[in-house]
Structures are given as structure tokens and as C-alpha cells.
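In order, the protein sequence lines correspond to chains A and B. Numbering-wise (the numbering used here), the first sequence opens with residue 197 and increments by one. Numbering-wise (the numbering used here), the second sequence opens with residue 12 and increments by one. Here a beta-carbon is modelled for each residue, glycine too, at the ideal position from N, C-alpha and C. Note that the structure is a prediction, hence the values are computed from the model and not measured.
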Amino acid sequence: MRRERGALERAVLLAVEESSRRGGGALTVAEVVAALDGEPAYTTVLTTLSRLHDKGALTREPRGRGFAYALAAAPAAVDAARTARQMRRLLEAEGRRDDVLARFVAELDPADATRLRRFLSDDPPAAGAS
Amino acid sequence: MRLAVLLALPLLATALLGAGAPALGRRLHPASVVRLLPVAGVVGAATSGFSLSVVALVLLGHAADVAALGHWSARSLPEPGVPWAWGLPVAVVVAVLLLTSTAHVARVLAQLWRAELACRDLGGPGSGAVVVVDAPAADAYAIPGVRGRVLVSTGMLAALDPAERRALLAHERSHLAHRHHLWIQAAEVARVANPLLRALPGLVRSACEQEADLDAARSVRSPQVTARAIARAALARGTRAAPPGLAATGADVAERIETLLAPAPRRPRGAVAALLATAVLATLVVSLVSADVTEDSFERAQAAAAGAGVEPHRPPPRSPS
Numbered sequence: 197m198r199r200e201r202g203a204l205e206r207a208v209l210l211a212v213e214e215s216s217r218r219g220g221g222a223l224t225v226a227e228v229v230a231a232l233d234g235e236p237a238y239t240t241v242l243t244t245l246s247r248l249h250d251k252g253a254l255t256r257e258p259r260g261r262g263f264a265y266a267l268a269a270a271p272a273a274v275d276a277a278r279t280a281r282q283m284r285r286l287l288e289a290e291g292r293r294d295d296v297l298a299r300f301v302a303e304l305d306p307a308d309a310t311r312l313r314r315f316l317s318d319d320p321p322a323a324g325a326s
Numbered sequence: 012m013r014l015a016v017l018l019a020l021p022l023l024a025t026a027l028l029g030a031g032a033p034a035l036g037r038r039l040h041p042a043s044v045v046r047l048l049p050v051a052g053v054v055g056a057a058t059s060g061f062s063l064s065v066v067a068l069v070l071l072g073h074a075a076d077v078a079a080l081g082h083w084s085a086r087s088l089p090e091p092g093v094p095w096a097w098g099l100p101v102a103v104v105v106a107v108l109l110l111t112s113t114a115h116v117a118r119v120l121a122q123l124w125r126a127e128l129a130c131r132d133l134g135g136p137g138s139g140a141v142v143v144v145d146a147p148a149a150d151a152y153a154i155p156g157v158r159g160r161v162l163v164s165t166g167m168l169a170a171l172d173p174a175e176r177r178a179l180l181a182h183e184r185s186h187l188a189h190r191h192h193l194w195i196q197a198a199e200v201a202r203v204a205n206p207l208l209r210a211l212p213g214l215v216r217s218a219c220e221q222e223a224d225l226d227a228a229r230s231v232r233s234p235q236v237t238a239r240a241i242a243r244a245a246l247a248r249g250t251r252a253a254p255p256g257l258a259a260t261g262a263d264v265a266e267r268i269e270t271l272l273a274p275a276p277r278r279p280r281g282a283v284a285a286l287l288a289t290a291v292l293a294t295l296v297v298s299l300v301s302a303d304v305t306e307d308s309f310e311r312a313q314a315a316a317a318g319a320g321v322e323p324h325r326p327p328p329r330s331p332s
């Protein structure tokens, strides 16, 4: 499965970030491989982790015969104050405030929420007929 | 009367576009809806606005005072068949539409500029870089800019599994890559400039969401994963407290999921798209011709006034063309 280098780097960063957020601490290469979708090759992940470490995005500590990787800094902590201010400025802009922002999902109608829960509890797609 | 027909055609075309837009939205591929409807809307709004202003000008041109001011002979102008005073309400409508759409464009430009500043402030390389914000509320959106950014809260990331996250990011990057915000805003401007086109922005927003959903499904190679990402994200974001209505942005979530999982068999609709594009071009040409005819008739009316000596003041000499 081919994917661009940037995409893999982002996926790896997300995996490491989630581990630290859940208090799981640093991840070994094998653990990162397990956390990723599509079973990327061990060596590919190792290369990506080393590259991210070279860039300063990850720190590493020896563990076993290799290393365990952790985020050098939480992404939001790098510039949290400024990001928060930016978000506020965008969200509090007067008038039709998020008109130019492309939100992933709008807020739900309560009726739709029930429908979505039903869909996620693995109703077959035919449930759409309801 | 030739001019009357020329002026009526853009108004008719715009009314047809306004009435037929929902049907076009269903028939055309989302990618075509995203691009064609805003272009058609802007051309329709501009040409129908121009037609209305010519109507106002010709009607008011029959008023004696206005004719004296413009150095033309009212009798040589095209005969409207109604009293000149009917031009007053038309002129008011044109003025109001022009002012509100100018104000709207200014507001949109200000919003886009704020978004651009936010993107620059967030920094980072390339386009579509992800900014993770440490916040419990589940939210994710794309901020448009020369180098747009995707903002995701940790609350949203926690609600999704890795494949679903990729679908979310691919969806938001698709918005940025296709510059959906510009198409949506063009449709909004058309709506403000001509209330007949009020259905356009909603249709374009829905088509943008659909196109981004399709891109996301292609990127993660699974419509099911994409549909699950949408459902989980929507549930994580929560239900709205306020009654529905004003917040109608884009396609509604349940509809997006249904479209992803059971896409309507879409035959290529190249013919419909080509027909719409031709109609847009024809309207533009008709409007340009009507501008030419209008200019000619006012020039003739000025020449008539000068020749008959109706006017005490001679019009400024014109170079023969």
C-alpha cells in the first residue's frame, strides 16, 4: 500500500500523540506499527520515526534493543496560547461567524442522533430507508 | 421591441435558474454543482441587475427633467408604454440590491482576510497542515487561506479511530484543495444580489460536502469508514440546543451518510452541464448586446435632441464612430 511520506508521518504522530494523551507513554516501533491502519512495514515505520526524531518532533529513549518514541512537545502546547486566541478570534467574528470555515459536521437534530446511533451499532446500510 | 426582449432574457434566465437549481443539484455530479451553479448564479445576478438598471434608466429618461439633464430627446428613446414614474421603484430596487451586495462582498472579503491571517499565525509548512488544539469539545474545521489549515480538537480525535481520523482529515483537505469556500461565497453573493437565486448557496454547500465526502472515501478507500467518521464526529459534536433553521449549513449529516453508502446511480450528465454552461454564455452575450443597443438608442436620442434644437444647450461633440 503506497502512501505519501507526509501522510505516514502524520499518522505516526497521531498514534504517538494518542498514546501520550491516554497516559500510555512512549511507543516502540512495533507498538506504532500495531496502532496504524493498513499494516505498514516495520522498516518503513522505523524510518519515519527516525526522521521525525531527526526533525525534533519526537524524543526517544532506549527500550529493549531499540527505542521508544514520545512527542517532543504536545502539538497544542507548542503555541497553545496563540492558537487559542486565533480560534477565539475566528469563532467570535461578528455576524455569520463560521461562514468561511468548512466544519466537518454540523450540530445534530436530536432525531438524527438516534438514527446515527442506530447506524453505528452496525445496522446494515439499508437502514437508510427509514 | 428589440431592447425589451434583450433586457427580459437575462431576467427570465435568472428566474429559470432559481427555479431549476434544485433539479440541477440532483442531476449534476457534485463537482459540477460546486463550480457551475456559482458561475451561473453570478452571471445571472449581474446580467439581470444590469437589465433592471437599464429599464430604470430608459423609464426615467422619459421624464422631462432627466431628458434635459442628459441632453437627449425623450421621444427618441425606446417607448416603454408605461409612465416614466414606474422607473422610480425599479431604480430603488436596483439601488438596494447594489448596496446590499456591495456590503456583503465587503463582509465576505473581511472574513476571508481574517481566516488568512489565522492561517499565517498558525504557521507550519505547506497547505492542509493539521493543527491539533487541546480542547475537550469535539470540533474540526478547515480554515481557508493561501495555505489553508485544518483545525482538529483533541476531543474530536479521541472520538475517532485512526482510519476515521484519516477520513476526517481527507475531507477537510478536500475543502481546501478545491477552494470550496470561494465557490460557496460566490453563490452567497449571487443570492444577495438577486433574491430569485436564494436556493443556490444551500445547494452549493451540500455539493461541497458531498465532493469532500467522496474524496475522503477515495482517500481511505472506504465509504463505510467515511460514513462512520461522519456519524461518530456528529455524535461527539452533540445535538443542537437551538431549534433548527438558521444553522442550516451544508448537507445534513444523516443525508450525507445515506448518499455515501447508497450513492444514487449517477450516469454522466455531461449534456446537462454543457447545456447549463451554454445558457450562461448566451445570457452573458445577450446582456452585452443589450448594453450596446441601449448605448446606441441614447446616442440617437441625444443626436435627435441636438438636431431638433429642442435643447438650449448643445451636447458635447461626439467623435463619429
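Item, Value
"Contact the stretch 159-178 of chain B vs the stretch 209-225 of chain A: 3+ CB pairs below 8 Å", "yes"
"With 16 other Cβ atoms within 10 Å as the buried cut-off, status of A:Ser317", "exposed"
"Residue-chain proximity (B:Gly250, chain A), Cβ-Cβ < 7 Å", "First, the residue type needs correcting, since residue 250 of chain B is Thr and not Gly in the sequence shown. Yes, its Cβ sits closer than 7 Å to a Cβ of chain A."
"Three-way DSSP call (helix, strand, coil) for B:Val157 in this model", "coil"
"Cross-strand partners of B:Trp144 (DSSP beta bridge)", "Note that residue 144 of chain B corresponds to Val in the displayed sequence, not to Trp. Bridge partners of B:Val144: B:Ser164."
"Test item: CB-CB of B:Leu18 and B:Ser62 under 7 Å", "yes"
"CB contact below 7 Å: B:His192 versus chain A", "yes"
"Contacts of A:Pro236 in chain B (Cβ-Cβ under 7 Å)", "The premise fails here: A:Pro236 is roughly 11 Å from chain B at the closest Cβ pair, so nothing lies under 7 Å."
"Members of the stretch 211-233 of chain B near chain A, C-beta cut-off 8 Å", "Cys219, Ala223"
"B:Gly52 - DSSP class collapsed to helix/strand/coil", "helix"
"Contacting positions in the stretch 295-316 of chain A - beta carbon closer than 8 Å to chain B", "Asp295, Val296, Leu297, Ala298, Arg299, Phe300, Val301, Ala302, Glu303, Leu304, Asp305, Pro306, Asp308, Ala309, Arg311, Leu312, Arg313, Phe315, Leu316"
"CB contact below 7 Å: B:Ala123 versus chain A", "Here residue 123 of chain B is Leu; the residue named in the question, Ala, does not match the sequence. At least one chain A Cβ lies under 7 Å of B:Leu123."
"Under 9 Å from the C-beta of B:Leu168: neighbouring residues of chain A", "Leu210, Glu213, Glu214, Arg217"
"Distance between B:Ala284 and B:Ala96 (C-alpha atoms, nearest Å)", "42 Å"
"Whole-Å CB distance - A:Ala207 paired with B:Arg160, under 8 Å assumed", "Not confirmed; about 18 Å, so no contact."
"Cβ-Cβ separation, B:Val291 to B:Val50 (assumed contact under 8 Å), whole Å", "6 Å"
"Cβ neighbour criterion (16 or more within 10 Å) applied to A:Glu257", "exposed"
"Rounded separation between B:Leu207 and B:Pro89 - CA only", "27 Å"
"Test item: CB-CB of A:Val301 and B:Val142 under 7 Å", "no"
"Beta-carbon proximity of B:Gly31 to B:Leu70, cut-off 7 Å", "no"
"Environment of B:Arg86 [buried if 16+ CB atoms lie within 10 Å]", "exposed"
"Paired residues, beta bridge with A:Thr255 - DSSP", "A:Ala266"
"Nonlocal neighbours in the same chain, by C-beta distance under 6 Å from B:Arg38, ignoring five residues either side", "Arg280, Val283"
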